[in-house]
Each structure stands twice: as C-alpha cells, then as structure tokens.
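Let me begin by presenting the structure, written as structure tokens, before commenting on it.
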Amino acid sequence: SSLGANTMICLPTGLGKTRIASVVILNMLHWFPTGKVLFIAPTRPLLTQQRASFISTTGLSPDFVHELTGVTSVKKRLAVFGHGSKSRLILATAQLALNELLASRID
C-alpha cells in the first residue's frame, strides 16, 4: 500500500531506508519510462553516499543518476533536468530543488 500513497519511513541508521527507497524508485522508473525521480537529501555528503548506494543496489547506470548541489553549474542543472536528458534519478539538496523551482527551471 505504501507504493500508492505517501509514506514516512523512520528507522535508525543502517536498517534499510535506502534499500526501501531503491525499490520505490525502481518501481517509479518502470511505471513511468520517460519520467524522472527527484531524491532530496539535506547535505552534499549524504547525496554522494546515496548516489553510490543507489547505483550499487539498483544496477542503474551512473549515466542515469546525477547528483546536483549548489556548486553545480546552472548549465549542467538545465541539462540534467531537461526533457531530452537521459537522467532518470536526480539527487539534490532541498535548497537546490527549491531554488530551481523558484527560478522556474523545473516544474
């Protein structure tokens, strides 16, 4: 039932939150073959860790998984978010996602 509704997962470190997210992300990418998933994490080090974990647990090509932070150029961000991009899983800080929404670079 959690695949069809908002769900909050509260577990201590190391007990599988990323694995749960990986299953949900793979389902979303399967159900929406041209869609993208935006995964938000609070810090840049956590984004880097999550990207590596998603690639290793899902088998997604690193070419489809992108990490965006405030130091990522606007040009690259536009390329990753763009409709012609092969990016499928985008990991970003909350601040970057908010800034992109406010600048109307993503919808």
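In terms of this note's numbering, the sequence shown is residues 27 to 133. Glycine included, every Cβ here is placed at the ideal spot set by N, Cα and C.
Roughly how many angstroms lie between the CA atoms of Phe58 and His109, to the nearest whole one? 14 Å
What is the residue span of the alpha helix (DSSP H) that Phe80 lies within? Arg70 to Thr84
Provide the residue span of the alpha helix (DSSP H) that contains Thr44, from first to last. Lys43 to Trp57
Leu122, enclosing alpha helix (DSSP H) - first and last residue: Ala120 to Leu128
Do Ser48 and Thr84 count as a contact pair if the criterion is CB distance below 8 Å? yes
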